[in-house]
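Below is one structure; the comments refer to it alone.
Number of protein chains: 2
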Amino acid sequence: MGAEDMTPGVVRPGGRTARVRAAVLRAAGDALAERGFAELDLADIARRAEVGKTTVYRRWGTVTALVADLLTDMADQSLPRTESGTLLGDLRANARLVRRTLTDPRQGALFKAVIAAATCDGRTAEALHRFYDVRIREWAPCVGQAIDRGEVPEGTDTHEVIRAVSAPLYYRLLAGGGPLDETVADRAAEAAAAAARAGVFVRAEGPGE
Amino acid sequence: MGAEDMTPGVVRPGGRTARVRAAVLRAAGDALAERGFAELDLADIARRAEVGKTTVYRRWGTVTALVADLLTDMADQSLPRTESGTLLGDLRANARLVRRTLTDPRQGALFKAVIAAATCDGRTAEALHRFYDVRIREWAPCVGQAIDRGEVPEGTDTHEVIRAVSAPLYYRLLAGGGPLDETVADRAAEAAAAAARAGVFVRAEGPGE
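So the protein lines, in turn, are chains A and B. Just so you know, we're using our numbering here: the first sequence kicks off at 552 and counts up by one. Just so you know, we're using our numbering here: the second sequence kicks off at 552 and counts up by one.
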């Protein structure tokens with residue numbers, strides 16, 4: 552075991568356990584992107600990762616658990632938000648990041664495979680929702696800052712604004728409507744910012760609502 | 552053959568061929584909603600529809616062709632748009648219709664199954680995109696009318712406004728974020744209307760754009 556394993560607070564220590572996990576998750580992501588969820592097989596992933604089959608079965612047990620762990624790792628590894636000083640600038644940075652992910656050949660295929668699996672597998676759906684929750688929590692503070700600056704009204708649902716940025720990009724990926732280019736990403740950011748400024752995302756409150 | 556077969560211009564004549572198609576498409580939709588795309592089987596669908604296996608193989612040939620025909624039929628059968636006299640009213644009617652479809656147990660399961668299939672099957676993806684194109688063309692004129700009334704700027708991409716209404720509903724169906732209730736539908740309509748009014752969906756034009 553390397554010295555880095557003793558260092559507290561290190562997210563991805565370089566020990567054998569961490570190296571095995573990294574190799575298996577990379578192999579699982581490759582297999583998902585290449586062949587989809589239905590074709591996933593723990594023995595095949597162990598072979599790709601050059602890791603003992605027993606290790607993979609003991610540690611993850613099922614394909615569903617492995618994909619859930621992959622999504623946890625993707626959330627941990629995902630880029631921190633950038634800050635531009637304006638709501639539109641921040642949302643545009645978010646939209647462009649989502650677009651880059653979805654149009655990357657490996658990542659795009661991986662997301663399509665996981666979304667497809669989530670439509671018919673409750674545990675994969677939960678893992679996917681947790682992934683989006685992490686991403687949304689990472690970016691929501693930029694809407695909080697816009698509230699503080701007076702750019703959008705008090706009471707705005709910060710998470711819904713971030714979801715509104717992603718939604719048109721996922722819709723284009725899955726339901727069509729032309730290429731998923733940077734113009735589409737920028738428009739998604741502008742639409743979410745305009746709606747937020749207009750108060751559309753202010754949470755309903757009070758009796759009867 | 553019934554007399555209605557001779558009537559020109561009748562979209563769904565009551566003849567045997569039309570009855571067989573209706574029975575097979577209903578059976579295919581049921582099977583898709585219950586068991587997903589991967590489990591679809593022409594022989595099973597023929598049994599469910601109480602139609603000869605040979606008829607189904609001769610007429611559709613493959614599961615993919617049958618699902619494409621189902622989507623064509625769903626587009627033909629889908630409700631015409633309602634007109635409220637305002638952009639927000641029209642978009643809200645559209646959003647509520649999409650929400651009702653996606654939260655209906657049979658229809659919602661059917662859409663999830665087809666979206667999942669489209670992620671890994673190009674012909675199903677094309678058929679799904681054609682379905683959305685038909686729906687979008689049906690509703691886009693309400694945005695054209697809003698342009699004529701001066702509610703939204705000239706040059707607004709009418710199709711993109713309609714896609715913007717559906718996107719958050721599909722995102723919630725597939726990526727999570729809470730229940731797909733009427734509040735969510737109304738907010739999707741309000742967000743699209745606010746962004747359209749702000750000119751977000753005006754097409755880029757001119758040199759260098």
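Even for Gly, the Cβ is constructed at its ideal location relative to N, Cα and C. Bear in mind that the values here come from a model prediction, so they are computed numbers and not experimental data.
#1: Taking the CB atoms as reference points, tell me whether B/L544 and B/V607 lie closer together than 8 Å.
#2: Counting contacts by CB-CB distance shorter than 8 Å, is A/I666 in contact with chain B?
#3: Spatial neighbours of B/I687 within its chain, please: C-beta separation below 6 Å, excluding the five flanking residues on both sides.
#4: To test your reading of the DSSP string, which unbroken alpha helix (DSSP H) runs of 4 or more residues are found completely within the segment 580-636 of chain A?
#5: Counting contacts by CB-CB distance shorter than 8 Å, is B/Y608 in contact with chain A?
#6: Please tell me whether A/L731 and A/L653 are closer than 8 Å, where the distance is taken between their beta carbons.
#7: Using a beta-carbon distance below 8 Å, is A/V751 in contact with chain B?
#8: Checking 8 Å against the spacing of the C-beta atoms, do B/T633 and B/A644 come in under that value?
#9: Measuring alpha carbon to alpha carbon, tell me which residue in A/L648, A/T637, A/G636, A/V665 is nearest A/R586.
#10: Going by Cα to Cα distance, which pick from B/G728, B/A747, B/A755, B/Y721 is closest to B/A646?
#11: According to the neighbour-count rule (16 or more other Cβ atoms, all chains shown, within 10 Å of its Cβ), is B/L663 buried or exposed?
#12: Under 7 Å Cβ to Cβ from B/L661, same chain only, skipping five residues before and after it: list those, please.
#13: Is A/S635 buried or exposed, if buried means 16 or more other CB atoms sit within 10 Å of its CB?
#14: Is the segment 740-756 of chain B close to the segment 738-746 of chain A, with three or more CB pairs under 8 Å?
#15: Tell me which residues share the same chain as A/L724 and place their Cβ nearer than 8 Å to its Cβ, disregarding the 5 neighbours each side in the sequence.
#16: Just to confirm my understanding: we take A/A668, look at its own chain, exclude 5 residues before and 5 after, and list those with CB closer than 6 Å. What are they?
#17: Might you give, ordered along the chain, the residues of its own chain that have their beta carbon closer than 6 Å to the beta carbon of A/G706, omitting 5 neighbours on each side?
#18: Please report whether the beta-carbon of A/C693 lies at a distance below 8 Å from any beta-carbon of chain B.
#19: If I'm right that B/E733 touches B/R650 with Cβ under 8 Å, what's the distance once you round it to whole angstroms?
#20: Determine which residues share a DSSP beta bridge with A/T675 and list them.
#21: Just the chain B side, please: which residues come within less than 9 Å of A/G728 by C-beta, in chain order?
#22: So, at 6 Å on beta carbons, what are the nonlocal neighbours of A/Q628 in its own chain, with the 5 sequence-adjacent residues on each side left out?
#23: State the beta-bridge partners of A/V753 as determined by DSSP.
#24: Near B/D641, what residues of its chain come up, given a Cβ to Cβ distance below 6 Å and the 5 sequence neighbours on each side ignored?
#25: Run through chain A and tell me which residues come within less than 8 Å of B/T734, C-beta to C-beta.
In this structure, then:
#1: In the structure as shown, chain B starts at 552 and stops at 760, and residue 544 of chain B therefore has no counterpart that could be examined.
#2: Along the first sequence, one-based indexing puts residue 666 of chain A at 115. Yes, A/I666 counts as interfacial toward chain B.
#3: Counted from its first residue, the second sequence places residue 687 of chain B at position 136. Only H710, I713 meet the Cβ criterion.
#4: 593-600, 604-610, 614-628
#5: Residue 608 of chain B sits at position 57 when you count from the first residue of the second sequence. Not an interface residue.
#6: Taking the first sequence and counting its residues from 1, one reaches residue 731 of chain A at position 180. Taking the first sequence and counting its residues from 1, one reaches residue 653 of chain A at position 102. Yes, these two residues count as a Cβ contact at 8 Å.
#7: Reading the first sequence from its first residue, position 200 is the one you call residue 751 of chain A. It does: the Cβ of A/V751 has a partner Cβ on chain B nearer than 8 Å.
#8: For the purposes of this step, residue 633 of chain B is taken as the residue at position 82 of the second sequence. For the purposes of this step, residue 644 of chain B is taken as the residue at position 93 of the second sequence. A contact, by the Cβ cut-off of 8 Å.
#9: Here residue 586 of chain A refers to the residue found at position 35 of the first sequence. Looking at the Cα atoms, A/V665 is the closest of the given residues.
#10: Taking the first residue of the second sequence as position 1, residue 646 of chain B is located at position 95. Residue B/Y721 is the option with its Cα nearest to B/A646.
#11: Start at 1 with the first residue of the second sequence, and residue 663 of chain B comes out as number 112. The sequence shown places Lys at residue 663 of chain B, rather than the Leu named in the question. Answer is buried; the Cβ neighbour count reaches 16.
#12: Translated into positions along the second sequence, residue 661 of chain B becomes position 110. Once the five neighbours on either side are set aside, the close Cβ partners of B/L661 are G580, L583, A584.
#13: If you number the first sequence from 1, residue 635 of chain A lands on position 84. Counting Cβ neighbours within 10 Å, A/S635 comes out exposed, since fewer than 16 surround it.
#14: yes
#15: Start at 1 with the first residue of the first sequence, and residue 724 of chain A comes out as number 173. Closer than 8 Å at the Cβ level, and outside the excluded window around A/L724, lie L653, G659, F662, K663, L731.
#16: Position 117 of the first sequence, counted from the start, is the residue given in the question as residue 668 of chain A. Within the same chain, A/A668 has close Cβ partners F588, T675.
#17: Working through the first sequence from its first residue, we reach residue 706 of chain A at position 155. V753, R754.
#18: The residue given as residue 693 of chain A occupies position 142 in the first sequence. Not one chain B Cβ lies under 8 Å of A/C693.
#19: The sequence position of residue 733 of chain B within the second sequence is 182, counting from 1. The sequence position of residue 650 of chain B within the second sequence is 99, counting from 1. About 7 Å; that satisfies the 8 Å criterion.
#20: As a working note, residue 675 of chain A is residue 124 in the first sequence. Beta-bridge pairing links A/T675 to no other residue.
#21: The count along the first sequence starts at 1 and reaches residue 728 of chain A at position 177. Here the neighbours are H680, Y683, D684, I687, H710, E711, R714.
#22: What you label residue 628 of chain A is simply residue 77 of the first sequence in a count that begins at 1. Closer than 6 Å at the Cβ level, and outside the excluded window around A/Q628, lies no residue.
#23: As a working note, residue 753 of chain A is residue 202 in the first sequence. Beta-bridge pairing links A/V753 to A/T707.
#24: Position 90 of the second sequence, counted from the first residue, corresponds to residue 641 of chain B. Same-chain partners within the cutoff: S635, C693.
#25: One-based indexing of the second sequence puts residue 734 of chain B at position 183. In chain order: A755.
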